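Chemist: Just dropping this structure here.
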Amino acid sequence: MPIALFALTLSAFAIGTTEFVIVGLVPTIAQDLGVSLPSAGLLVSLYAAGVAVGAPVLTALTGRMNRKLVLLGLMALFIVGNLLAWQAPGYGSLITARILTGLAHGVFFSIGSTIATSLVSKDKEASAIAIMFTGLTVALVTGVPLGTWIGQNFGWRATFLVVSSLGLIALIGSALLVPNNLKKSAPATLGQQLKVLTHPRLLLVYLITILGYGGTFTAFTYLAPILQEVSDFGNNAVSLIMLVYGVSVAFGNIYGGKMADRMGPIRALTVIFSGLIAILLMLTLSAAHPIAAVLTVLIWGAFAFGNVPGLQVYVVQQAERFVPEAVDIASGLNIAAFNIGIALGSVIGGYVVDGMQLTDTAWMGAGIVALALALTRLSGHWDRQRESAVTAR
Numbered sequence: 107m108p109i110a111l112f113a114l115t116l117s118a119f120a121i122g123t124t125e126f127v128i129v130g131l132v133p134t135i136a137q138d139l140g141v142s143l144p145s146a147g148l149l150v151s152l153y154a155a156g157v158a159v160g161a162p163v164l165t166a167l168t169g170r171m172n173r174k175l176v177l178l179g180l181m182a183l184f185i186v187g188n189l190l191a192w193q194a195p196g197y198g199s200l201i202t203a204r205i206l207t208g209l210a211h212g213v214f215f216s217i218g219s220t221i222a223t224s225l226v227s228k229d230k231e232a233s234a235i236a237i238m239f240t241g242l243t244v245a246l247v248t249g250v251p252l253g254t255w256i257g258q259n260f261g262w263r264a265t266f267l268v269v270s271s272l273g274l275i276a277l278i279g280s281a282l283l284v285p286n287n288l289k290k291s292a293p294a295t296l297g298q299q300l301k302v303l304t305h306p307r308l309l310l311v312y313l314i315t316i317l318g319y320g321g322t323f324t325a326f327t328y329l330a331p332i333l334q335e336v337s338d339f340g341n342n343a344v345s346l347i348m349l350v351y352g353v354s355v356a357f358g359n360i361y362g363g364k365m366a367d368r369m370g371p372i373r374a375l376t377v378i379f380s381g382l383i384a385i386l387l388m389l390t391l392s393a394a395h396p397i398a399a400v401l402t403v404l405i406w407g408a409f410a411f412g413n414v415p416g417l418q419v420y421v422v423q424q425a426e427r428f429v430p431e432a433v434d435i436a437s438g439l440n441i442a443a444f445n446i447g448i449a450l451g452s453v454i455g456g457y458v459v460d461g462m463q464l465t466d467t468a469w470m471g472a473g474i475v476a477l478a479l480a481l482t483r484l485s486g487h488w489d490r491q492r493e494s495a496v497t498a499r
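So the working numbering is basically just the index in the sequence shown, starting at one, shifted up by 106.
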């Protein structure tokens with residue numbers, strides 16, 4: 107594998123860290139800026155909204171530009187966004203910083219796969235993409251708990267300064283290692299984009315992604331205050347539990363991919379969504395008991411992100427059936443759907459925290475995932491009907 111791939115991996119690590127580290131810093135930021143927990147939780151939602159807008163819109167606008175120049179521009183925007191967060195004088199400027207960084211995130215993962223595959227031969231394309239996305243997984247395992255620890259011990263601003271430094275290293279690495287003559291995919295026509303956005307079967311998958319992934323964030327956005335205020339853990343313990351959660355996420359992501367390969371995405375998602383519903387309901391009861399809370403969080407991580415491979419595989423399968431000329435667009439829009447789910451889940455969580463108890467975010471999230479499970483079963487039923495109709499011809 108070319109060394110340029112590792113520049114992309116480092117970029118993915120920095121971007122993944124800045125997206126999810128805010129979860130561990132919600133109580134710290136709320137206290138420092140004098141805002142409520144739901145207001146601090148909006149920093150998760152607005153970042154995700156920036157990703158959801160940036161992925162399809164900015165990718166389309168930069169479709170004809172040199173890929174390396176776009177990559178370097180994105181990392182520069184990422185650095186500026188995190189530096190602005192580091193120096194943000196107040197809540198409003200911190201929101202602006204998060205939205206800017208989210209825009210960079212959206213386009214990076216949209217074009218990153220294309221750049222990764224252009225660096226290798228055809229038979230190594232999947233491995234190249236996997237290497238790049240390893241940065242995101244490693245961010246959840248190490249970057250997020252480390253960033254949370256830095257923020258809790260040296261102030262939340264220090265976390266954003268460290269992340270911007272990682273972005274600078276990734277920018278320099280990309281400038282030196284990524285070649286200039288990267289191939290470009292032909293820009294999608296407006297008709298192709300509209301077909302993806304209006305096809306009912308693809309819209310159903312996007313809704314499953316939004317609900318199935320977003321339900322977790324109703325509670326996950328407020329995991330740190332739950333652990334501090336309900337489970338009665340200190341700051342250092344919260345950082346350690348976030349590390350445990352990250353390890354569990356990495357395991358769940360890998361095993362979820364194997365399940366989707368072995369069982370098919372519908373059956374795999376049925377198992378994972380059912381487990382996620384059960385564990386979120388359990389968290390409602392176990393949060394008040396420290397040992398039980400840690401065990402619940404450990405299991406939760408595996409189910410929370412185990413649905414990602416199945417959801418992404420399923421949208422590609424559906425696109426190949428119904429819009430084969432726009433599979434890349436359909437896949438990219440599912441990335442936007444993941445982040446719409448994050449935004450929706452964290453906003454709903456904010457309303458729950460504002461009017462109810464912190465632990466109520468867990469059962470509310472379970473209800474959202476239950477909707478995703480019902481839609482998954484419906485989509486699987488329609489798949490079987492279609493296959494039967496094709497066989498009968």
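Here a beta-carbon is modelled for each residue, glycine too, at the ideal position from N, C-alpha and C. This structure is a prediction, so every number in the text was calculated from the model and none was measured.
(1) Take A203 and list the residues in its own chain whose beta-carbon comes closer than 6 Å to its own, dropping the five residues that flank it on each side.
(2) Do you know offhand how far V213's Cα is from A281's?
(3) Considering just the uninterrupted stretch of the alpha helix (DSSP H) at N172, what are its terminal residues?
(4) So, with DSSP's three-state summary, where would you put S142?
(5) Might you give, ordered along the chain, the residues of its own chain that have their beta carbon closer than 7 Å to the beta carbon of G273, omitting 5 neighbours on each side?
(6) Would you check if the region 478 to 498 and the region 355 to 366 touch, i.e. whether three or more CB-CB distances between them fall below 8 Å?
(7) Quick check: the region 158 to 169 against the region 453 to 470, are there 3 or more CB pairs under 8 Å?
(8) Could you check what DSSP says for H211 in three-state terms: helix, strand or coil?
(9) Is the distance from the Cβ of S392 to the Cβ of A384 below 8 Å?
(10) What residue does the alpha helix (DSSP H) around T315 start on, and which one ends it?
(11) Would you mind sorting R173 into buried or exposed? The rule is 16 or more other CB atoms within 10 Å of its CB.
(12) Apply the 10 Å Cβ neighbour rule to V414 and answer buried if 16 or more other Cβ atoms are within range, or exposed otherwise.
(13) Quick one, are the C-beta atoms of G253 and G122 less than 8 Å apart?
(14) So is L177 buried or exposed if we call it buried at 16+ other beta carbons inside 10 Å?
(15) Thinking C-alpha only, which one of T315, V459, L111 is nearest T376?
Modeler: The answer reads as follows:
(1) Indexing the sequence shown from 1 puts residue 203 at position 97. Excluding positions up to five away in sequence, the list reads G187, L190, A191, A194.
(2) The residue given as residue 213 occupies position 107 in the sequence shown. The residue given as residue 281 occupies position 175 in the sequence shown. The alpha-carbon atoms of V213 and A281 are separated by roughly 18 Å.
(3) Numbered from 1 along the sequence shown, position 66 holds the residue referred to as residue 172. Run containing N172: none; DSSP gives neither H nor E here.
(4) By one-based count along the sequence shown, residue 142 stands at place 36. If DSSP states are grouped into helix, strand and coil, S142 belongs with coil.
(5) Here residue 273 corresponds to residue number 167 of the sequence shown, with the count starting at 1. Answer for G273: A120, M181, F184, I185, N188, listed in chain order.
(6) no
(7) Under the 8 Å Cβ criterion, the region 158 to 169 does not count as touching the region 453 to 470, having fewer than three qualifying pairs.
(8) Counting from 1 along the sequence shown, the entry for residue 211 is found at position 105. Three-state DSSP puts H211 in a helix.
(9) For the purposes of this step, residue 392 is identified with residue 286 of the sequence shown, where counting begins at 1. For the purposes of this step, residue 384 is identified with residue 278 of the sequence shown, where counting begins at 1. Going by C-beta atoms, S392 is not nearer than 8 Å to A384.
(10) Your numbering for residue 315 matches position 209 in the sequence shown. Note, T315: alpha helix (DSSP H), 306 to 326.
(11) Working through the sequence shown from its first residue, we reach residue 173 at position 67. So R173 counts as buried.
(12) Here residue 414 is taken as the residue at index 308 of the sequence shown, counted from 1. Buried.
(13) On the sequence shown, residue 253 is found 147 positions in, with the first residue counted as 1. On the sequence shown, residue 122 is found 16 positions in, with the first residue counted as 1. No, the Cβ-Cβ distance between G253 and G122 is not below 8 Å.
(14) Stepping through the sequence shown from its first residue, residue 177 is reached at position 71. Per the 10 Å Cβ criterion, buried.
(15) Residue 376 sits at position 270 when you count from the first residue of the sequence shown. Comparing Cα positions, the closest option is T315.
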